[in-house]
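Novice: Protein chains in written order, with our numbering: chain U, 1 to 251; chain P, 1001 to 1251; chain A, 2001 to 2251. Pasting a structure below so you can have a look.
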Amino acid sequence: MLPAALIRLVRARAPLVHVLTNPVAAALSANALLAVGAVPAMVEDADEAAAFRPDAVLANLGSLTPGRATAIRVAVEAAMLAGRPWVLDPVAAGSIPARREFACGLLASCPCIVRANASEVLALAEGVGTGRGPESTAPAAAALAAMRAFARASGAVVAMTGAVDHVTDGAAMHLIPGGTALMARISGLGCTLSAVAAACAAVAPRLPAAIAACTLFARAGERAMAHAAGPASLAVALVDALADPDLLGPA
Amino acid sequence: MLPAALIRLVRARAPLVHVLTNPVAAALSANALLAVGAVPAMVEDADEAAAFRPDAVLANLGSLTPGRATAIRVAVEAAMLAGRPWVLDPVAAGSIPARREFACGLLASCPCIVRANASEVLALAEGVGTGRGPESTAPAAAALAAMRAFARASGAVVAMTGAVDHVTDGAAMHLIPGGTALMARISGLGCTLSAVAAACAAVAPRLPAAIAACTLFARAGERAMAHAAGPASLAVALVDALADPDLLGPA
Amino acid sequence: MLPAALIRLVRARAPLVHVLTNPVAAALSANALLAVGAVPAMVEDADEAAAFRPDAVLANLGSLTPGRATAIRVAVEAAMLAGRPWVLDPVAAGSIPARREFACGLLASCPCIVRANASEVLALAEGVGTGRGPESTAPAAAALAAMRAFARASGAVVAMTGAVDHVTDGAAMHLIPGGTALMARISGLGCTLSAVAAACAAVAPRLPAAIAACTLFARAGERAMAHAAGPASLAVALVDALADPDLLGPA
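What follows is the structure, encoded as structure tokens:
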């Protein structure tokens, strides 16, 4: 399914996305989901999470707390058992050993998509710590082979975002160029793409879902750049662009 | 008291509002309170909350955690004992049974205003779960009778926001039309209205306070729409509009 | 070192700043750090914090929770032992006794900069509660002597922000005028300045670091005011201005 058709399906079905994420990305993620026609729900309590029935789940490990870690475990286990898609965003797995371990433990619950930067991909794929913080310190090229092997081993589609986004299911490698360099200065934007990828996975298979989310953000960033005077106005214009049903072309 | 005069009183008195809310709505709520001349304080620790003396309290149940749930119980109990107004925003009470139970338990501490969508009103009034997530799946018309009965039974003014806002103390039903449909795409905007309603309740009786908050947001949304290219720029322009002392007319 | 040169050094070195802060200020702080070329990391778990090696730490006490309090204790102790700079932002220490006590306890770990408003300075310096909430209720003039004595006693540079910012190491008192009054209506902006001060302290001595952060925000506020229609558009334009490498003059 092409990105434009897939995003229209998100808008038509309005999937309920259970977003477990960090405080920095929470508002931006919720607003991006509303912009594309999905419905965000930020249930953080493990007991509530156990009883919740969303259409997809995002497990973002940024600013992890013991409470959110428990809720994440419960939510992704429930998603797996119910056959609902969930997306793993292993924030800072490249630089915090405990974070990498937690992320690897979650792989047993079969995420449909892992959205990460190059350092995080290397950390999950090879147990190598290369990041210094949440940002990537590894070039994308260094992670491509690991990324493909990791996709095959985990069964997840891996979306590695950066100057060019790479998406693979372990076979072909899909490149999504575009966007703008200034997007790297918007805190939580990668986390937000992960949330939208979960919405996409609720309505379509994992590979086109990951490609659609990356394509959507690349196009939104390009259009927003025309209205931006810096990273904060870029973020505003980017969410505005996400809300345009015709961003990826008219229906 | 008319909305314009009431909002001017908020600006003159600068009430201190203890905001207990979810991470998505926290910054927007704090900025909206500052915009209307109130002072937000986001005390989350139960011990600190017990010693805190605000002019009003907001108990918003979004993304509830055990820690915030305890702080909310402490804060609303203290508010009731001290005769200070507090506002209940029962986020997702329509779709999460534990949330509905928690909300119903808080009613014993006598909120002055309950701000909710139609699904949440039905959940509190009739114990019926109709929501699928935080958004309402019930039409406003279906909740009007329940809303009036619930206001009478609880003693709270109920403000049900939607395409048209409805406010009742159990007797007359006040309709506040206006705003713009795009406001539904701003995550946490209802939560933010609840915070401003608490500021209003600190300076005036509950019925005109709830009406003033709804009126203020409707006018702010209309003015903001003229400057908005999508939901994110609408949110920026809406807070800018809230900061205009003459938004509801010149003094 | 002059502010312009110091901020260029931040951009060149990209210090990793461990930001422990409240949910209201989290996104704004992260975006401001990215805008000036620093790298924010919001590690909240005490075990993760103990293993983390940032270039500087911000301990902001807003919306303190038991979990974040523990992480703060661990992070600032680790920073002191490793000789890394950390900044204390004692939010609401002027109005919440437990907050003041916690802040005073942290002084034993030797913050390099304490960024506070006048009420918070008085609370830390003299154990006097003068604030009503997070905002200051004391005039800056009333706190100047206490501020200087507190800087000498604690060994920290104290940056007291307000209509005019004051910075002292206990000897000379540096005044940084400028900015715009509307900046007081942006929730979390002082917290954000504290985060940027930590980035500055990672690349330069504490006194010029504190002066540079205050100078940067004053200039950013002035430039942003030209593009602002209210506090929300001011915040957007202010972060945009922070991202301009030439904000304090061409290289």
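For glycine and all other residues, C-beta sits at the position ideal for the given N, C-alpha and C.
Cα-Cα, which of M1160(P), F1052(P), G1188(P) is closest to T1021(P)?
Specialist: Checking every option, the nearest Cα to that of T1021(P) belongs to G1188(P).
Novice: Please tell me whether V2157(A) and A2204(A) are closer than 8 Å, where the distance is taken between their beta carbons.
Specialist: Against a cut-off of 8 Å, the Cβ pair of A2204(A) and V2157(A) comes out as no contact.
Novice: Can you tell me the Cα-Cα spacing of R2219(A) and A2243(A), whole angstroms?
Specialist: The alpha-carbon atoms of R2219(A) and A2243(A) are separated by roughly 12 Å.
Novice: Classify P1139(P) as buried or exposed, calling it buried when 16 or more other Cβ atoms lie within 10 Å of its own Cβ.
Specialist: With fewer than 16 other Cβ atoms within 10 Å, it is exposed.
Novice: Taking 8 Å as the cut-off, decide whether the C-beta atoms of P2023(A) and P134(U) are in contact.
Specialist: In this structure, P134(U) does not lie closer than 8 Å to P2023(A) by Cβ.
Novice: Drop a sphere of 10 angstroms on the beta-carbon of E2120(A), count the other beta-carbons inside from all chains shown, and report buried for 16 or more, exposed for fewer.
Specialist: E2120(A) comes out buried.
Novice: Out of curiosity, what's the CA-to-CA distance linking I113(U) and L107(U)?
Specialist: Approximately 10 Å between the Cα atoms of the pair.
Novice: Less than 8 Å between the C-beta atoms of R2132(A) and A1035(P), yes or no?
Specialist: No, the pair does not count as a contact, with Cβ atoms beyond the cut-off.
Novice: For L1234(P), which option in L1248(P), P1090(P), A1181(P) has the closest C-alpha, if you only look at C-alpha atoms?
Specialist: Comparing Cα positions, the closest option is A1181(P).
Novice: What does the alpha-carbon distance come out to for the pair A2198(A) and A2232(A)?
Specialist: Each residue's alpha carbon lies about 25 Å from the other.
Novice: Does the distance from the CB of L1238(P) to the CB of G1221(P) come in under 8 Å?
Specialist: Cβ distance < 8 Å, so L1238(P) and G1221(P) count as in contact.
Novice: For I1176(P), does the three-state DSSP call read helix, strand or coil?
Specialist: Note: I1176(P) maps to strand in three-state DSSP.
Novice: Pull out every residue of the segment 1008-1023 of chain P whose Cβ sits closer than 7 Å to any Cβ of chain A, in chain order.
Specialist: So the close ones are L1016, P1023.
Novice: Is the Cβ-Cβ distance between V17(U) and D55(U) less than 8 Å?
Specialist: Yes.
Novice: Under the rule that 16 or more other beta-carbon atoms within 10 Å means buried, what is A92(U), buried or exposed?
Specialist: A92(U) should be labelled buried.
Novice: Can you tell me whether P2085(A) is buried or exposed? The criterion is at least 16 other CB atoms within 10 Å of its CB, across all chains shown.
Specialist: P2085(A) is buried by the Cβ-count criterion.
Novice: At a CB distance below 8 Å, what residues from the segment 2037-2063 of chain A approach chain U? Give them in sequence order.
Specialist: Going along the segment 2037-2063 of chain A in chain order, one finds V2039, P2040, A2041, M2042, V2043, E2044, D2045, D2047, E2048, A2051, F2052, P2054 with a Cβ nearer than 8 Å to chain U.
Novice: Comparing the C-beta of P254(U) with each C-beta of chain A, is any distance below 8 Å?
Specialist: Because chain U is modelled from 1 through 251, residue 254(U) falls outside the range shown and cannot be assessed.
Novice: Which of helix, strand or coil does DSSP assign to N117(U)?
Specialist: Three-state result, N117(U): coil.
Novice: Looking at chain P, is there any beta carbon in it that lies within less than 8 Å of the beta carbon of D2186(A)?
Specialist: At residue 2186(A) the sequence reads Ile, which differs from the Asp that was named. Chain P, which has a Cβ nearer than 8 Å to the Cβ of I2186(A), makes this yes.
Novice: Count the other CB atoms, across all protein chains shown, that sit within 10 Å of the CB of G62(U); report buried if there are 16 or more and exposed otherwise.
Specialist: With 16 or more other Cβ atoms within 10 Å, it is buried.
Novice: Just list the alpha helix (DSSP H) runs in the segment 1127-1169 of chain P, keeping only unbroken ones of 4 residues or longer that don't cross its boundaries, in chain order.
Specialist: Listed in chain order, the complete alpha helix (DSSP H) runs (minimum 4 residues) inside the segment 1127-1169 of chain P are 1140-1154.
Novice: Please report how far the alpha carbon of C1200(P) lies from the alpha carbon of A145(U), in whole angstroms.
Specialist: Looking at the two C-alpha atoms, the distance is approximately 59 Å.
Novice: According to DSSP, is D2045(A) part of a helix, a strand, or is it coil?
Specialist: In the structure shown, D2045(A) sits in coil (DSSP, three-state: anything other than H, G, I, E or B).
Novice: Can A2025(A) and M2042(A) be called in contact, C-beta distance under 8 Å?
Specialist: Not closer than 8 Å, so no.
Novice: To be precise: take each residue of the segment 215-238 of chain U, compare its Cβ to all Cβ atoms of chain A, and keep it if any distance is under 9 Å. Which residues remain?
Specialist: Result list: A228, A229, G230, P231, A232, S233, L234, A235, V236.
Novice: Pop quiz: I96(U) and A2051(A) are said to be a contact at Cβ under 8 Å. What is the actual Cβ separation, rounded to whole angstroms?
Specialist: Going by Cβ atoms, the distance from I96(U) to A2051(A) rounds to 7 Å, so yes, they are a contact pair.
Novice: Output, in sequence order along the chain, the residues in the segment 2025-2037 of chain A whose CB is closer than 7 Å to any CB in chain U.
Specialist: For the segment 2025-2037 of chain A, which is checked against every Cβ of chain U, the residues closer than 7 Å are A2026, A2027, A2030, N2031, L2034, A2035.
Novice: Tell me the residue span of the alpha helix (DSSP H) that contains R1207(P).
Specialist: It is Leu, not Arg, that sits at residue 1207(P) in the sequence shown. Counting along the chain, the alpha helix (DSSP H) containing L1207(P) begins and ends at 1206-1225.
Novice: Does the separation of the CB atoms of C1978(A) and D2089(A) fall below 8 Å?
Specialist: Since the first residue of chain A shown is 2001 and the last is 2251, residue 1978(A) is not available in this structure.
Novice: At 4 residues or longer, what runs of the alpha helix (DSSP H) sit wholly inside the segment 1036-1082 of chain P?
Specialist: 1046-1051, 1066-1082, all fully within the segment 1036-1082 of chain P.
Novice: Taking Cβ positions only, does A209(U) come closer than 8 Å to chain A?
Specialist: A209(U) does not count as touching chain A.
Novice: Our contact map puts R1100(P) next to A1123(P) with C-beta atoms below 8 Å; I'd like the distance itself, whole angstroms only.
Specialist: Contact holds; Cβ gap of about 5 Å.
Novice: Taking the continuous alpha helix (DSSP H) assigned at D2240(A), which residues delimit it?
Specialist: Segment 2231-2242, the alpha helix (DSSP H) holding D2240(A).
Novice: Straight-line CA distance for F2217(A) to I2007(A)?
Specialist: Looking at the two C-alpha atoms, the distance is approximately 11 Å.
Novice: Taking the alpha carbon of E1126(P) as the reference point, which residue from L1033(P), L1248(P), A1143(P), G1105(P) has its own alpha carbon closest?
Specialist: Ranking L1033(P), L1248(P), A1143(P), G1105(P) by Cα distance to E1126(P) puts A1143(P) first.
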